[in-house]
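In the numbering used here, the protein residues as written are 10 to 403.
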Ligand SMILES: Cc1cc2nc3c(=O)[nH]c(=O)nc-3n(C[C@H](O)[C@H](O)[C@H](O)COP(=O)(O)OP(=O)(O)OC[C@H]3O[C@@H](n4cnc5c(N)ncnc54)[C@H](O)[C@@H]3O)c2cc1C
C-alpha cells in the first residue's frame with residue numbers, strides 16, 4: 010500500500026460474507042473511507058452464505074430484540090434491491106406448525122404480539138385445507154401464519170452489497186486472506202501474505218473463521234447440510250408461494266425448516282440443529298463431501314413422513330457451516346470496549362435475514378452512533394447462559 014496518510018483507511022472490514030459486505034456498504038454509505046478484505050471470491054461457497062436461499066422472518070422467535078433488527082434489515086434489503094436492481098427478498102409468507110406451547114409456535118406468537126405484527130394462529134383444519142402438502146400433522150398441533158416472512162437470496166445479497174459499497178468509494182480486496190489482526194497503539198495493522206494495511210479500526214466479520222482472528226470469542230463452527238427435494242412429477246403445489254417458507258416442530262425434539270421450489274431449485278428442507286445431528290468443525294479442514302449416512306438419511310426419513318408428495322431421495326445436497334455461540338445469539342460490538350475493534354459473528358444459524366441491519370449497526374458503531382435498534386443482547390462481553398438449541402427454549 011502507498012499512502013501519504015499514516016493510515017491506509019479509516020476502517021477495514023475483514024470478511025465480506027453476509028454481514029461484512031453489508032457493513033462495508035453501510036460504512037461507504039456514511040462516507041467513511043473504508044476497505045474490505047475477503048479471502049475468497051465475492052459471493053463464494055466456502056463459508057455460511059451459499060445455497061441460493063435463506064428464510065426471512067420478522068416474528069423472530071430466537072430473541073425479542075431481533076424483531077426490530079429484522080424490520081430494519083427488511084428496509085435495507087429493499088433499499089439494496091433498489092440500488093442493485095436485483096430481487097433479494099421474496100415476501101411469500103411462512104407457516105409455522107407445532108405444539109401450541111412449543112418454542113416454534115409460542116415463540117413466534119410471543120414475538121408477534123410484543124411488536125404488534127400481523128402473524129396469527131391457524132387451526133389444524135385451516136392448515137390441512139390451505140397447506141395439504143404437510144402430512145402426518147399431530148392432531149394437537151396448531152399453526153401460525155406469518156405474512157411478513159419469505160425467502161432471501163444470500164449470494165446475490167453479498168454481491169449486491171459489495172457492488173454498492175464499491176460504487177460509493179469502498180476499496181475491495183478479494184482473494185486476500187488476512188493472516189493476523191494486530192492491535193497497535195492508535196490503530197490496527199492487518200497482515201496478509203503480500204501486504205499490510207494500517208487502519209484506525211477494524212470490523213472483523215469472518216464468520217466461521219472469526220475466532221481464528223479474535224481468539225478470545227467463544228465461538229464454534231459447525232458443519233450443517235442443506236438439501237433439495239422434488240415431487241416425482243412436476244406439481245405446482247410444491248412451488249413457492251403455494252408452499253411458502255415453513256418451520257415445523259415435530260413431536261420428537263426435532264424441527265424441519267424450508268420453503269417451496271424457487272429460483273430453479275427444488276423444495277429446500279433442512280433439520281434444525283438440536284445439538285446431536287451436526288458436528289463441530291474446523292473451517293479450514295471441514296469435510297465438504299456428502300455422505301448418505303451423515304447428511305441425508307435422517308432428513309430423507311423425515312421427508313418421507315412429513316411430505317409424502319416429495320421423492321425422499323434429494324435432488325441435491327451441499328454442506329455449509331454455522332458459527333455457534335454458547336447461547337445461540339450473535340456477537341456484535343466491541344470486545345472489552347476496545348475502540349479499535351468491532352466484531353460481528355456467532356450467527357448461530359439464523360443470521361442471514363439480519364445481515365443488512367447488522368451491517369448498518371456495525372457501521373454506526375464504527376462512527377460512534379447508536380444503532381437503530383438495541384443491540385445490547387448481542388454484546389460480545391455478555392455473560393453467556395448455555396442454550397443448546399432453539400427447541401430447548403422452553
Ligand atoms: C444450512 C444453513 C441454513 C441457514 N438458514 C438460515 C435461514 O434460513 N435464515 C437465516 O437468516 N440464516 C440462516 N442461516 C445462517 C446464515 O446463513 C448465516 O447467519 C450468515 O450467512 C452468516 O454470515 P457471516 O457474514 O457471519 O458469515 P460468512 O458469510 O461466511 O462470511 C464470513 C466471511 O469472512 C471471510 N473470511 C474468513 N476469514 C477471513 C480472513 N482471514 N481474511 C479475509 N476474509 C476472511 C470468509 O471467506 C467469508 O466470506 C443458515 C446457515 C446454514 C449453514
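Note that beta-carbon positions come from the ideal geometry of N, C-alpha and C, so glycine has one too.
Remember, predicted model here, so these are calculated numbers, not experimental data.
* DSSP state of residue 402 mapped onto helix, strand, coil -> By 1-based counting over the chain shown, the position of residue 402 is 393. Low confidence applies to residue 402: its pLDDT is 41, below 50, so where it sits in the model is not reliable enough to give any reading.
* Between the Cα of residue 346 and the Cα atoms of 358, 159, 361, 377, which residue gives the shortest distance? -> Against the chain shown, residue 346 aligns to sequence position 337. The shortest Cα separation from residue 346 among 358, 159, 361, 377 belongs to 377.
* Looking at the structure shown, is residue 210 part of a helix, part of a strand, or coil, going by DSSP? -> Residue 210 sits at position 201 when you count from the first residue of the chain shown. In the structure shown, residue 210 sits in a strand (DSSP, three-state: E or B).
* For residue 403, collect the residues of the same chain with a Cβ closer than 6 Å to its Cβ; drop the 5 residues on either side in sequence, then sort them by chain order. => Here the question's residue 403 lines up with position 394 in the chain shown. At residue 403, the pLDDT of 33 sits below 50, so the modelled position is not reliable and the matter cannot be decided from this model.
* Please work out which residues of its chain come closer than 8 Å, Cβ to Cβ, to residue 79, disregarding the five sequence neighbours upstream and downstream, and give them in chain order. => Here residue 79 refers to the residue found at position 70 when the chain shown is read from its first residue. Excluding sequence neighbours, residue 79 sits near 65, 66, 67, 69, 362, 363, 366.
* **the stretch 320-327 touching the stretch 293-306, judged by at least three CB pairs closer than 8 Å** => yes
* To do: Have a look at residue 277 and residue 143 and give me their C-alpha separation to the nearest angstrom.
  => Here residue 277 refers to the residue found at position 268 of the chain shown. Here residue 143 refers to the residue found at position 134 of the chain shown. Each residue's alpha carbon lies about 14 Å from the other.
* residue 237: buried (16+ other C-beta within 10 angstroms of its C-beta) or exposed? -> Within the chain shown, residue 237 is the residue found at index 228, counting from 1. With 16 or more Cβ atoms within 10 Å of its Cβ, residue 237 is classed as buried.
* Asked: Should residue 193 go down as buried or exposed, given a rule of 16 or more other Cβ atoms within 10 Å for buried?
  -> Start at 1 with the first residue of the chain shown, and residue 193 comes out as number 184. With fewer than 16 other Cβ atoms within 10 Å, it is exposed.
* Nearest neighbour of residue 225, chosen from 202, 190, 243, 232 [CA to CA] -> Here residue 225 corresponds to residue number 216 of the chain shown, with the count starting at 1. Nearest option by C-alpha distance: 190.
* Selected residue, minimal CA-CA separation from residue 76, among 40, 125, 52 -> What you label residue 76 is simply residue 67 of the chain shown in a count that begins at 1. Of 40, 125, 52, the residue nearest in Cα terms is 125.
* Asked: Using a Cβ-Cβ cut-off of 7 Å (strictly less than) and excluding sequence neighbours within five positions of residue 81, which residues of its own chain qualify?
  -> Along the chain shown, one-based indexing puts residue 81 at 72. Excluding residues within five positions, the ones whose Cβ falls inside 7 Å are 366, 369, 381, 382.
* Asked: Can residue 191 be considered in contact with ligand 1, in the sense that its beta carbon sits closer than 6 Å to one or more heavy atoms?
  -> Within the chain shown, numbered from 1, the residue matching residue 191 stands at position 182. No, since every heavy atom of ligand 1 falls outside the 6 Å radius drawn around the Cβ of residue 191.
* Quick one: is residue 99 buried, meaning 16 or more other Cβ sit within 10 Å of its Cβ, or exposed? -> Along the chain shown, read from residue 1 onward, the residue named residue 99 stands at position 90. Residue 99 comes out buried.
* Pull up the distance between the alpha-carbon of residue 283 and that of residue 18, whole angstroms please. => Taking the first residue of the chain shown as 1, we reach residue 283 at position 274. Taking the first residue of the chain shown as 1, we reach residue 18 at position 9. Going from the Cα of residue 283 to the Cα of residue 18 covers about 42 Å.
* Asked: How about residue 156 and residue 58: do their beta carbons lie closer than 7 Å?
  -> Position 147 of the chain shown, counted from the first residue, corresponds to residue 156. Position 49 of the chain shown, counted from the first residue, corresponds to residue 58. Contact flag unset, no.
* Asked: According to the neighbour-count rule (16 or more other Cβ atoms, all chains shown, within 10 Å of its Cβ), is residue 257 buried or exposed?
  -> Counting from one through the chain shown, the residue named residue 257 turns up at place 248. Residue 257 comes out buried.
* Are the beta-carbon atoms belonging to residue 261 and residue 147 less than 7 Å from one another? -> Start at 1 with the first residue of the chain shown, and residue 261 comes out as number 252. Start at 1 with the first residue of the chain shown, and residue 147 comes out as number 138. It is not a contact, given that the beta carbons lie outside the stated cut-off.
* Starting from the C-beta of residue 92, find all residues in its chain whose C-beta is less than 6 Å away, skip the five residues before and the five after it, and write them out in chain order. => Your numbering for residue 92 matches position 83 in the chain shown. Closer than 6 Å at Cβ, skipping near neighbours: 173.
* Asked: For residue 228 versus residue 219, is the C-beta spacing smaller than 7 Å?
  -> Residue numbering aside, residue 228 sits at position 219 when the chain shown is read from its first letter. Residue numbering aside, residue 219 sits at position 210 when the chain shown is read from its first letter. For residue 228 and residue 219, yes; Cβs fall inside 7 Å.
* To do: Classify residue 167 as helix, strand or coil using the three-state DSSP reduction.
  => Reading the chain shown from its first residue, position 158 is the one you call residue 167. Looking at residue 167 - three-state DSSP - the assignment turns out to be helix.
* **Simplified DSSP assignment, three categories, for residue 46** => Along the chain shown, read from residue 1 onward, the residue named residue 46 stands at position 37. Strand.
* Could you check where the alpha helix (DSSP H) with residue 34 kicks off and where it finishes? -> Translated into the one-based positions of the chain shown, residue 34 becomes position 25. Segment 27-38, the alpha helix (DSSP H) holding residue 34.
* residue 223 - DSSP class collapsed to helix/strand/coil -> Counting from one through the chain shown, the residue named residue 223 turns up at place 214. Looking at residue 223 - three-state DSSP - the assignment turns out to be coil, as it is neither helix nor strand.
* Asked: How would you call residue 165, buried or exposed, if buried means at least 16 neighbouring beta carbons within 10 angstroms?
  -> One-based indexing of the chain shown puts residue 165 at position 156. Buried.
* Contact the stretch 385-395 vs the stretch 325-340: 3+ CB pairs below 8 Å -> yes
* What is the rounded straight-line gap between the Cα of residue 128 and the Cα of residue 326? -> The residue you call residue 128 lines up with position 119 of the chain shown. The residue you call residue 326 lines up with position 317 of the chain shown. Rounded to the nearest angstrom, the two C-alpha atoms are 32 Å apart.
* **For residue 271, the residue or residues it bridges with in DSSP** => Numbered from its first residue, the chain shown carries residue 271 at position 262. Beta-bridge pairing links residue 271 to 274.
* **Three-pair Cβ contact test at 8 Å for the stretch 176-187 versus the stretch 283-298** => no
* **Identity of the residue in 211, 313, 358 nearest residue 351 by Cα** => Locating residue 351 in the chain shown gives position 342, counting from the first residue. The residue with the shortest Cα to Cα distance from residue 351 is 211.
* Asked: Would the beta-carbon of residue 372 fall within 7 Å of that of residue 36?
  -> One-based indexing of the chain shown puts residue 372 at position 363. One-based indexing of the chain shown puts residue 36 at position 27. Yes; because the gap between Cβ atoms is below 7 Å, this pair is in contact.
* Leaving aside the five residues before and after residue 34 along the sequence, list all residues of the same chain whose C-beta is less than 6 Å from its C-beta, in chain order. => Here the question's residue 34 lines up with position 25 in the chain shown. 170, 173, 174.
* **Rounded separation between residue 268 and residue 216 - CA only** => Position 259 of the chain shown, counting from 1, holds the residue named residue 268. Position 207 of the chain shown, counting from 1, holds the residue named residue 216. So the alpha carbons of these two residues sit roughly 24 Å apart.
* Asked: For the candidate residues 21, 392, 27, whose alpha-carbon lies nearest to that of residue 61?
  -> Locating residue 61 in the chain shown gives position 52, where the first residue counts as 1. Of the candidates 21, 392, 27, the one whose C-alpha sits nearest the C-alpha of residue 61 is 27.
* To do: For residue 18, name the three-state secondary structure that DSSP assigns.
  => The sequence position of residue 18 within the chain shown is 9, counting from 1. Correct three-state label for residue 18: strand.
* Asked: So residue 199 and residue 23 are in contact, right, with Cβ under 8 Å, and what is the actual spacing, rounded?
  -> Taking the chain shown and counting its residues from 1, the one referred to as residue 199 is at position 190. Taking the chain shown and counting its residues from 1, the one referred to as residue 23 is at position 14. Contact flag correct, Cβ pair sits at about 7 Å.
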